[in-house]
Structures are given as structure tokens and as C-alpha cells.
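According to the UniProt record's numbering, the sequence shown is numbered sequentially starting from 1.
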Amino acid sequence: MSEQHIGIVLNPSKVEAEVLEDALDAASEMRSRPQLSIFETTPEDPGGAAAAQALAAGVDLIITAGGDGTVRAVAEVLAQRRSRVELGIVPLGTGNLLARNLGIPLGDVDAALARALDGTARPVDVGWCLAELEDGPRRSAFLVMAGVGVDARMIDETDDDLKKTAGWIAYVEAMGRAVTASSAVEADLVVDGETRIHETVHTVLVGNVGTVQGGIDLLPDAAPDDGRMDLLILGEDGVAGWADTVRNVVWDNGIAKLLPGRGDDGEGAVDSETATRLALSTLALDLSAPRMAQIDGEALGETTSLRIEVQPAALRIRL
Ligand SMILES: Nc1ncnc2c1ncn2[C@@H]1O[C@H](COP(=O)(O)OP(=O)(O)OP(=O)(O)O)[C@@H](O)[C@H]1O
């Protein structure tokens, strides 16, 4: 069998290449060291070009070393090309929502690398989101969530310095500001080309996985390999309740969970009468006024139109 060739797509603002090289050396002690190529991301190109270079170099496995933004950029290239090259994730971001939802070890490079090297590849769905933005249409892949409303604004308003020093607590702080700043908007939704919904909404989210910061399970039925995405619509009255839920869960359970000896039993699913949940393959969303859209924690810009579709089992992620 020819030697395995691994490509690491590395965000150098998160970790030094030597850390990954040393970890790979340690993991390879008992077997032949695979060929390793490192492809660095840049602020202007957070992983797409690096992934394309890795594929061009003929790697058998791509491992991302960065956060959700790095994984998203790499996944976009793999899904677009319908590549069967497997993906491993060493989560080094702030939120690491995908890794968190998939049960990949956080804050432990060696353990995450072991999964990437020896884990079994599982199919993971990818969502595609076409947004009409001020400077034209943009089509982006997402693995965690896409949408408009409180969540998107919250991410957009998250102070970068705060995010660096305070981590997920920064999200809560930003959310407090976002809830007061958000205003309702008329939304027309068409689910799977047939179910029509007209509602005054604050937030519309489509998720591949359900858990957000603080262990809050926004989409309890979301599964990354079911070929569907889950839709959450928060109506006009829902947002206050949701914000309360989030704040309570984050503060009461989130902080408690971080303290030694405390259980992980906090559940924060939205159960408001004004919240609607559905599974879907496609969604057309039109808004009466522009709202900030986001994909996997990245602010896209303001839009009145999103078109979302699922590419089932587009990725093979080692878990
Ligand atoms: N070479 C680089 N130097 C500085 N910044 C970079 C570089 N490469 C990528 N970035 C920036 O890193 C960000 C992407 O970070 P990444 O997704 O890896 O972590 P994160 O944002 O902390 O993750 P998470 O979404 O999980 O919290 C982008 O804003 C991108 O511009």
C-alpha cells in the first residue's frame, strides 16, 4: 500500500504548525509516519484555496486545524467537488460548534488528532445557502446553521477582542444587545417547494446540528446525517422567551457545567408556542426588509432573500 498523504489546513492565527507536526509524530510512533503537507489559511481566504491545494496535491485525508470558519471553507470545496476525500477536525476555534455537536474532543489536540487519524468516516450533510447580498448573490456551504435574526445579529455583534478573552461568554453579552436591537419582519417561507408559511418573525434558523454555545439545544431533532435540515422559526412573541431561555440556560447551566464536579444535565430547548420547528430539504425565505444573515457564525451581510438546500452525505468526517 502506498504511503498515506495527509493535508492539514491550518489557521496559523490559532495554532503553530509545529504543534500539529509534533502531535502527528507522537501519534505515528507505533506506525509509519504518513506524508504530511501543511496548507495555511489567510485572513482573505480562510480555507478554500488551502483545501483546493490539498486536493491538487493528491492527499487522502484533510485535517482542519482551526475553528468553524476553517471547517466551513474546506467543506465547501469538498462538497462542491463531490470529493470522497475524508475530513478530520482538530477544533481550535472559539465556538467549535460542529466539533462540539459531533463529539470531537475540544481543547485536546492529541485526542482530536487521534480521531482524525483512526476514526471511522461518517456521512455528514451539507447545507447550501444562496443569499442575495448588496454586492450580488453569494452561495455558501454550511455545516452548523444558517439564517437570519437574533442569532445572526448576535454573532455579528460579538466583539472580537471579547471573543478572544472571554470565549463563549462574549456571545451571551452580545446576545443581550442583539435582542434589544432586533425587530420583527414579515417573512414568506416555502418549505420543500410546497408548505407555505407567512409569519412575522424575529429569527429563522436552518440547522444541520442543534447545539449552540452553552450547551443549548436549539434544534433537538437535528441530526447531521439524516439528509435533512431542521428549521426553527421564532415568531414575534417568541424572541423574548427565547432570550430568557438562552440567558438562563447559559448562566445557570453553562457556567455550572464549566465548574468542576457539576453535571451536564442542563437542557435549553425552545418550547415556546411561538416557535415552529420542521425538517426540510429546501427552503425559500423572503423578508419584507433586509436582515443580517449568517452561516456557521460568519456574518454574510444584509439580505431579503435566502434559498437553502441540503446536499445529503456530502462529506465523510472521521469521528
Ligand atoms: N493566516 C491568518 N492570519 C490571521 N487570521 C486568519 C488567518 N487565516 C484565517 N484567519 C481568520 O481566522 C478566522 C477564522 O477562524 P476560525 O474559524 O478558524 O476560528 P474561529 O472564528 O475562532 O472559530 P469558531 O467559529 O469555531 O469560533 C477568519 O476570520 C479568518 O479571517
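Here a beta-carbon is modelled for each residue, glycine too, at the ideal position from N, C-alpha and C. Remember, predicted model here, so these are calculated numbers, not experimental data.
Go ahead and label residue i buried or exposed: buried means 16 or more other beta carbons lie within 10 angstroms of its beta carbon, across all protein chains shown.
i	result
Ala57	exposed
Ala289	exposed
Asp161	exposed
His198	exposed
Pro224	buried
Arg82	exposed
Leu115	Checking the sequence shown, residue 115 turns out to be Arg, not Leu. Buried, since its Cβ has 16 or more Cβ neighbours within 10 Å.
Thr120	exposed
Arg291	buried
Gly95	buried
Asp151	buried
Asp72	Here residue 72 is Arg; the residue named in the question, Asp, does not match the sequence. By the neighbour-count rule (16 or more Cβ atoms within 10 Å), Arg72 is buried.
Ala26	exposed
Thr42	exposed
Thr195	exposed
Pro46	buried
Gly136	exposed
Asp296	buried
Gly149	buried
residue 322	Coverage of the chain is limited to positions 1 through 319, which leaves residue 322 absent and any answer about it impossible.
Leu259	Interpretation of Leu259 is limited by its pLDDT of 44, a score under 50 that renders its predicted location unreliable; the figure taken from the coordinates is listed afterwards. Exposed: under 16 other Cβ atoms inside 10 Å.
Gly69	buried
Gly107	exposed
Gly210	buried
Where does residue i fall in DSSP's three states?
i	result
Leu218	coil
Gly268	Here Gly268 scores only 40 on pLDDT, less than 50, and its place in the model should not be relied on; the value that follows carries that caveat. Coil, per DSSP.
Gly227	coil
Asp192	coil
Leu162	helix
Gly176	helix
Ala184	coil
Asp156	helix
Val144	coil
Val209	coil
Asp286	strand
Measuring CA to CA, which of the options is closest to residue i?
i	options	result
Met229	Val212, Asp151, Phe142 and Ser183	Phe142
Leu319	Met145, Gln80, Val90 and Ala279	Val90
Gly193	Ala65, Ala279, Glu173 and Glu3	Ala279
Gly207	Val77, Leu231 and Thr195	Leu231
Asp60	Val15, Glu18 and Val85	Val85
Val201	Gly235, Ala178, Ala111 and Ala174	Gly235
Gly93	Asp118, Leu306, Ala166 and Gly136	Ala166
Ala174	Glu157, Thr211, Glu18 and Glu3	Glu157
Leu55	Ala65, Gly66, Asp68 and Ile38	Ile38
Leu310	Leu300, Asp217, Thr211 and Ser140	Contrary to the premise, residue 310 reads as Val rather than Leu in this sequence. Answer by Cα proximity: Ser140.
Round the Cβ separation of residue i and residue j to the nearest angstrom and send it over; I've been treating them as touching at under 8 Å.
i	j	result
Val132	Thr303	Here the sequence assigns Glu to residue 132, which means Val is not the residue at that position. Sure, about 5 Å apart at Cβ, within 8 Å.
Leu102	Val144	That belief does not hold up - the Cβ atoms of Leu102 and Val144 are roughly 10 Å apart, past 8 Å.
Val126	Ala293	Going by Cβ atoms, the distance from Val126 to Ala293 rounds to 17 Å, so no, they are not a contact pair.
Val109	Ile62	About 16 Å; that fails the 8 Å criterion.
Ala79	Leu87	That pair is no contact at about 10 Å.
Val15	Ala51	Not really, about 17 Å apart at Cβ, beyond 8 Å.
Ile6	Val124	Actually they do not touch by this definition, with Cβ atoms about 19 Å apart.
Ile308	Ala146	6 Å
Leu24	Leu130	Their Cβ separation, rounded to whole angstroms, is 38 Å, which puts Leu24 and Leu130 out of contact at 8 Å.
Handout entry: Inside the UniProt domain "DAGKc" (1–133) only - beta strand (DSSP E) runs reaching at least 3 residues
Key = 5–10, 35–40, 61–66, 86–91 and 121–133
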